[in-house]
Amino acid sequence: MAVDHLAKTHLRRKSRIHGSCWYLFKRILSSPSPKPSQDAIVATVRVLAQERMLPELDILHQLLMGLRPDVARVSLASLAGASARYNALQGAISQFQSLRANFPSQPPSVRLYNLLLECALKQNRTDLISFLYKDMICSRTSPDTYTFNILVSSLCEFGCMDDARNLFEKMHLKGCKPNEFSFGILADGYCKCGDSIKALELVDQMGSFGCSPNHVIYNTLVAGFCKEGKIEEADKLVERMRSEGIFPNVVTFNSRISALCKSGKVLEALDIFRDMENGDGVELPKPNLITYNVVLDGFCKGGMLDEAEKLIKIMKKVGSFNKLETYNIWLSGLVRNRKLLEARSVLDEMVDNGVQPNSYSYNIVIDGLCKEGMVLDTRSVMNLMKTNGVPPDVVTYSTIINGFCSKGRVFEANRILEEMIQRGCSPNTVTCNILLQSLWKQRKVLEAEKLLQKMNERGYGLDIVTCNIVIDGLCKNGKLDKAIEIVDEMWIHGSAALGELGNAFLGLVDSSNIRNKCFPDLVSYTTVISGLCKAGRLDEAKKKFLEMMSKSITPDSAVYDIFINTFSKHGKLSSALHVLRDMEKNCNPSSKSYNFLIQGLASKNQIDKMNNLLTEMQEKKIVPDVFIYNSLINCLCDGGKVGEAATLLQEMLQKGIIPNISSFSLLIKGFCEEGDFESAQEIFEISLTILGQKKPLYRVVFNELVSKGEFSKATELLDMAMERAVGVEGFLYKHLIEELCKKFQLEEAIGILNKMISKGYTFDPATFMPVIDGLANSGKKYDSDKLSGIMIDMAARRDKLKWKYSYPPGLRPTGKGTQTESCSEKEATRRKRKTRVPEHDWQAILHRDDGSGMAMRVLKRVQKGWGQGSIPSLKPKKNDLLDEWDTFV
């Protein structure tokens with residue numbers, strides 16, 4: 001007994017089992033005598049399981065098999081139960097099987113079965129749940145209500161509601177009576193599956209079983225109705241709770257507030273929150289931290305930052321704004337609303353207030369910076385993380401890598417990857433997928449191949465995302481057949497099919513690695529089908545669609561839209577309509593689906609069918625978008641029905657659909673074509689009210705007026721545009737000036753030029769020529785010479801800019817001899833586009849041979865009278881550097 005007492009004393013010390021203690025007990029259990037008592041064994045089992053000393057539990061399992069049968073059986077049952085209670089499921093099942101194999105005639109207790117079933121449920125092992133229940137029936141151990149509750153919960157967890165309901169209704173056949181937990185479990189399952197009505201019907205039956213709903217069940221129903229957007233039903237349920245003497249608690253109100261916020265009804269949620277704060281009318285629970293966080297999150301997601309800041313002041317006053325979760329909600333709100341500087345200051349505020357930001361806090365800010373294109377600024381946040389003792393994690397680095405990759409800056413992304421590895425933070429599959437996608441986008445196939453090889457060698461695992469990136473990259477790089485081949489092979493080899501990309505890829509993927517087993521999904525097939533449709537291989541696309549269906553992959557609207565769009569573009573409208581009808585059997589068409597079909601009908605001017613589809617959309621409560629209306633407007637305008645098209649504009653505004661520039665441009669052109677300039681002016685004024693001072697709106701009206709000969713109105717509009725600082729690129733102002741000069745309205749033409757010069761506009765110097773000719777022909781030599789000088793100065797500045805940005809992409813002058821320095825191709829293209837040369841060459845007009853030679857005479861006179869100075873000669877000087885450069889180009 002002394003030895004037994006010694007073993008129990010040492011082994012019952014909570015969380016203090018040392019190797020020597022276990023060694024002592026093992027010696028006692030292995031010795032011929034004396035044996036420890038049942039209490040000592042149970043105590044040992046409990047502590048070993050609690051401390052998850054799994055190897056020691058396996059040894060104990062073997063030692064117990066050497067004890068007397070009665071002691072061994074009880075000890076094994078205790079061992080299996082303790083292992084299950086502390087989630088050591090694998091050991092628990094092994095111990096249970098030993099118990100069943102060595103003592104088949106003595107079935108385990110229902111309590112042990114329940115412990116094992118509960119552990120298997122926690123770990124989502126449905127196979128073990130089925131095995132244990134069947135064994136329970138075979139051993140003739142009668143299940144109790146708790147057993148059925150576990151089984152029903154398991155079925156609900158996997159969405160098998162019909163099976164769960166059948167099992168629930170069979171409980172009484174086994175002599176078990178459902179309790180409040182039984183009803184609560186099944187009701188929760190219905191609510192999670194989006195069928196709160198059935199949950200309510202079930203709760204209504206509780207009275208016939210002698211049960212009544214409690215707070216938990218009612219709160220479950222309220223949350224379920226709220227998540228489904230059935231706010232009125234939730235409110236009725238709250239009133240029912242009160243009528244039954246069950247006063248709604250803070251959980252009830254939090255569910256309602258959360259649902260309202262998620263559905264965008266933040267103001268209604270705010271009313272409930274204020275009632276809770278004030279307690280007006282009836283006794284209501286006071287808000288707790290969850291309440292405050294839910295409302296704060298609703299404000300942030302709804303863009304109501306002023307209200308959020310007021311709420312934060314209240315939270316600080318009552319001492320609720322001091323938790324990490326609350327700060328993270330506020331950080332997310334600031335970043336979501338592009339308040340990055342404020343978010344950065346919140347990080348400092350957290351540290352000052354003793355709330356240590358975690359990696360998630362910093363990652364929120366880093367993600368916001370990357371999305372705003374401020375990737376370089378993430379370095380300061382990373383430095384702050386390190387200063388505050390929070391090491392950047394894989395999410396941090398992956399976010400920054402994605403930020404650089406989205407800008408096409410793969411070199412910087414690789415540097416971040418190197419830093420990540422050097423600091424001991426291992427990249428995961430997500431990190432590598434980001435780099436892989438970027439390389440495919442830049443058509444760097446060899447680099448993508450090397451990365452794929454490294455991913456496999458380092459065991460990152462090639463998941464379905466990796467496969468879909470490769471499939472998409474192949475499709476976009478003209479290797480559609482290889483992409484199709486990979487999809488086919490994935491059904492057999494999983495991601496090992498990537499090894500078939502070509503000779504360079506053979507053997508890259510180890511097919512024996514179970515982690516690499518993945519099969520094509522909806523994205524895989526959508527990518528291939530899209531590629532086939534774009535290539536015009538419609539029959540093959542249809543075969544892939546049928547193959548996808550045969551593999552039990554349910555198509556979504558995106559797949560159907562691909563076919564509708566392709567058929568519509570190819571004029572196969574009947575086929576497109578058939579696809580739309582088939583689509584309705586599997587998923588709901590969107591406005592995009594109808595838009596593709598309506599655009600196809602518009603190309604054939606089938607207005608009646610377009611209107612029929614629009615009516616059909618209204619019946620199905622599918623709101624048409626602006627693109628659908630633009631198709632209708634365009635079709636009506638082409639058919640000379642501009643008045644009907646204008647009524648669609650009014651219809652759009654009534655439905656809250658904001659017209660875009662194309663909507664107004666189509667109507668303006670339509671009215672101008674009919675000569676109804678007054679109506680065109682009205683549409684133009686409406687467009688400015690809705691969209692603001694947009695240059696394309698001014699341009700379309702101005703150009704239409706000029707092309708229709710309404711020069712006076714065009715002049716007024718141009719003057720108004722320049723007064724409002726609207727750019728005049730693309731305006732037919734040169735044509736207007738030429739026409740004014742032809743009509744001998746030189747004063748008006750000169751007025752336009754003076755206005756453009758005084759407002760600082762840069763334009764083609766050739767615009768001056770009709771006016772210079774006109775002044776010279778009318779004998780106004782001084783005015784002609786003066787205007788010629790202005791033209792020549794503008795031309796000189798223009799040629800200087802033209803030379804500055806005429807280098808090949810990637811090279812620009814440094815100002816030091818003939819040296820050059822590299823710059824990115826994208827930057828060079830951007831600069832060149834920024835100073836794009838206008839559509840006509842002014843020097844070509846100077847050299848024109850129209851019989852007058854007026855321009856050349858004026859230029860020579862100005863040069864002779866004013867001296868050469870900085871005025872360039874018409875004959876280019878010899879320049880060896882330029883000649884060499886031209887040769888090089």
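For the sequence shown, the UniProt record's numbering assigns the number 1 to the initial residue and increments by one for each residue that follows. From the three backbone atoms N, C-alpha and C, an ideal C-beta is built for every residue, glycine too. A quick note: this is a predicted structure, and the numbers were derived from the prediction, not measured.
*Helix, strand or coil at V767 according to DSSP, with G and I counted as helix*: Stepping through the sequence shown from its first residue, residue 767 is reached at position 767. Here residue 767 is Thr; the residue named in the question, Val, does not match the sequence. Helix.
*Distance, Cα to Cα, C191 vs S208?*
For the purposes of this step, residue 191 is taken as residue 191 along the sequence shown, with counting starting at 1. For the purposes of this step, residue 208 is taken as residue 208 along the sequence shown, with counting starting at 1. C191 and S208 have their C-alpha atoms spaced approximately 22 Å apart.
*Cβ-Cβ distance between I564 and C533 below 8 Å*: Locating residue 564 in the sequence shown gives position 564, where the first residue counts as 1. Locating residue 533 in the sequence shown gives position 533, where the first residue counts as 1. C533 is positioned such that its CB atom lies no closer than 8 Å to that of I564.
*Helix, strand or coil: which one does DSSP assign to G865?*
Taking the sequence shown and counting its residues from 1, the one referred to as residue 865 is at position 865. Confidence at G865 is low in this model, with a pLDDT of 46, below 50, so the placement of that residue should be treated as unreliable; the coordinate-derived value is given next. When secondary structure is reduced to three states using DSSP, G865 falls in the helix class.
_Q654: first and last residue of the uninterrupted alpha helix (DSSP H) it sits in_ = Locating residue 654 in the sequence shown gives position 654, counting from the first residue. Residues 642 to 654.
*asked:* Could you check whether L237 and F225 sit closer than 8 Å to each other, using their CB atoms as the reference points?
replied: On the sequence shown, residue 225 is found 225 positions in, with the first residue counted as 1. On the sequence shown, residue 237 is found 237 positions in, with the first residue counted as 1. The Cβ atoms of F225 and L237 lie closer than 8 Å to each other.
*Return the first residue and the last residue of the alpha helix (DSSP H) that E685 is part of.*
Taking the first residue of the sequence shown as position 1, residue 685 is located at position 685. Per DSSP, E685 belongs to the alpha helix (DSSP H) from 677 to 691.
*Anticipated Cβ contact below 8 Å, N353 with N388, distance rounded*: Start at 1 with the first residue of the sequence shown, and residue 353 comes out as number 353. Start at 1 with the first residue of the sequence shown, and residue 388 comes out as number 388. About 13 Å separates the CB atoms of N353 and N388; that is not less than 8 Å, and the two are not in contact.
*With DSSP run on the structure shown, which of helix, strand or coil describes D348?*
Here residue 348 refers to the residue found at position 348 of the sequence shown. If DSSP states are grouped into helix, strand and coil, D348 belongs with the helices.
*If you compare alpha carbons, which of L128, D204, L648, I197 is closest to I231?*
What you label residue 231 is simply residue 231 of the sequence shown in a count that begins at 1. Selected option, being the one with the closest Cα: I197.
*Is F158 buried or exposed, if buried means 16 or more other CB atoms sit within 10 Å of its CB?*
The residue given as residue 158 occupies position 158 in the sequence shown. Within a 10 Å sphere around the beta-carbon of F158 sit fewer than 16 other beta-carbons, which makes this residue exposed.
_Measuring straight from C-alpha to C-alpha, what distance separates L334 and G403?_
As a working mapping, residue 334 is identified with position 334 in the sequence shown. As a working mapping, residue 403 is identified with position 403 in the sequence shown. Each residue's alpha carbon lies about 19 Å from the other.
*So the alpha helix (DSSP H) C300 belongs to, where does it begin and stop?*
Mapped onto the sequence shown, residue 300 falls at position 300. Unbroken alpha helix (DSSP H) run through C300: 289 to 301.
*Sort Q106, I150, S139 by Cα distance to Q120 and report the nearest one.*
Residue 120 sits at position 120 when you count from the first residue of the sequence shown. In the sequence under discussion, the amino acid at residue 120 is Ala, which differs from the Gln named in the question. Among Q106, I150, S139, the Cα nearest to that of A120 belongs to I150.
_Spatial distance of E710 from L740 (CA atoms)_ = Position 710 of the sequence shown holds residue 710. Position 740 of the sequence shown holds residue 740. Answer to the nearest angstrom: the Cα atoms are 11 Å apart.
*Whose CA, out of D472, D188, D764, G670, lies closest to the CA of G531?*
Here residue 531 is taken as the residue at index 531 of the sequence shown, counted from 1. Closest by alpha carbon: D472.
_DSSP-derived helix/strand/coil call for Y86_ = As a first step, residue 86 must be located in the sequence shown, where it is residue number 86. Residue state, collapsed to three classes: coil.
*Smallest Cα separation from L92: which of N102, A77, F103?*
Along the sequence shown, read from residue 1 onward, the residue named residue 92 stands at position 92. Strictly speaking, residue 92 in this sequence is Ala, with Leu absent from that position. Selected option, being the one with the closest Cα: A77.
*Counting only runs that start and end within the UniProt repeat "PPR" (590 to 624), where is the alpha helix (DSSP H) found for 4 or more residues in a row?*
If we require 4 residues or more, the alpha helix (DSSP H) runs fully inside the UniProt repeat "PPR" (590 to 624) come out as 591 to 603, 607 to 619.
*In whole angstroms, what is the alpha-carbon distance linking G194 and T396?*
Here residue 194 corresponds to residue number 194 of the sequence shown, with the count starting at 1. Here residue 396 corresponds to residue number 396 of the sequence shown, with the count starting at 1. As the crow flies, the alpha-carbon of G194 is around 35 Å from that of T396.
*asked:* Can you give me the C-alpha to C-alpha distance between F596 and M610, rounded to a whole angstrom?
replied: Numbered from 1 along the sequence shown, position 596 holds the residue referred to as residue 596. Numbered from 1 along the sequence shown, position 610 holds the residue referred to as residue 610. Their backbone Cα atoms lie some 11 Å apart in a straight line.
*According to the Cβ coordinates, are residue 893 and L613 closer than 8 Å?*
For residue 893 there is no data in the structure shown, the boundaries of the chain being 1 and 889.
*Between the C-alpha atoms of V623 and L653, what's the straight-line distance to the nearest angstrom?*
Numbered from its first residue, the sequence shown carries residue 623 at position 623. Numbered from its first residue, the sequence shown carries residue 653 at position 653. Distance between the alpha carbons of V623 and L653 is about 13 Å.
*Can you tell which of R581, C467, E419, C475 has the C-alpha that lies nearest to the C-alpha of H493?*
Here the question's residue 493 lines up with position 493 in the sequence shown. Among R581, C467, E419, C475, the Cα nearest to that of H493 is on C467.
*Where does the unbroken alpha helix (DSSP H) through F563 begin, and where does it stop?*
Here residue 563 refers to the residue found at position 563 when the sequence shown is read from its first residue. Boundaries of the alpha helix (DSSP H) around F563: 557 to 569.
*Tell me where the alpha helix (DSSP H) around F664 begins and ends.*
Numbered from its first residue, the sequence shown carries residue 664 at position 664. Residue range 661 to 673 is occupied by the alpha helix (DSSP H) that includes F664.
_Taking 8 Å as the threshold (C-beta atoms), are L331 and V355 in contact?_
What you label residue 355 is simply residue 355 of the sequence shown in a count that begins at 1. What you label residue 331 is simply residue 331 of the sequence shown in a count that begins at 1. No.
_Let's see if you can read the secondary structure: which residues bound the alpha helix (DSSP H) around I752?_
Reading the sequence shown from its first residue, position 752 is the one you call residue 752. I752 -> alpha helix (DSSP H) spans 746 to 758.
*Contacts around K755, its chain only, beta-carbon distance under 7 Å, and the 5 residues preceding and following it disregarded*: Walking along the sequence shown from the start, residue 755 turns up at place 755. D719, M722, listed in sequence order.
*If you draw a straight line from the alpha carbon of L506 to that of R165, how long is it in whole angstroms?*
Residue mapping note: residue 506 aligns to position 506 of the sequence shown, counting from 1. Residue mapping note: residue 165 aligns to position 165 of the sequence shown, counting from 1. Bear in mind that a pLDDT of 32 at L506, under 50, signals an unreliable position, so the model cannot answer this.
*asked:* Is it buried or exposed, S618, if we count other Cβ atoms within 10 angstroms and call 16 or more buried?
replied: Your numbering for residue 618 matches position 618 in the sequence shown. Note on identity: in this sequence residue 618 is Gln, with Ser being the wrong assignment. Classification for Q618: exposed.
*If you check the beta carbons only, do Y698 and S663 fall under 8 Å apart?*
Within the sequence shown, numbered from 1, the residue matching residue 698 stands at position 698. Within the sequence shown, numbered from 1, the residue matching residue 663 stands at position 663. With respect to S663, Y698 sits apart: the two C-beta atoms are not nearer than 8 Å.
*Between the Cα of M583 and the Cα atoms of V559, E673, K669, which residue gives the shortest distance?*
Along the sequence shown, one-based indexing puts residue 583 at 583. When the alpha-carbon of M583 is set against those of V559, E673, K669, the nearest one is in V559.
_Cα-Cα separation between P287 and C261, rounded to whole angstroms_ = For the purposes of this step, residue 287 is taken as residue 287 along the sequence shown, with counting starting at 1. For the purposes of this step, residue 261 is taken as residue 261 along the sequence shown, with counting starting at 1. Roughly 16 Å between the two C-alpha positions.
_Relative to the C-alpha of E673, which candidate in I657, K695, S707, P659 has its C-alpha closest?_
Stepping through the sequence shown from its first residue, residue 673 is reached at position 673. The shortest CA-to-CA distance from E673 to any of I657, K695, S707, P659 is the one to S707.
*Where does G536 land, buried or exposed, given buried means 16+ other C-beta within 10 angstroms?*
Position 536 of the sequence shown holds residue 536. Here G536 is exposed. Its C-beta has fewer than 16 other C-beta atoms within 10 Å.
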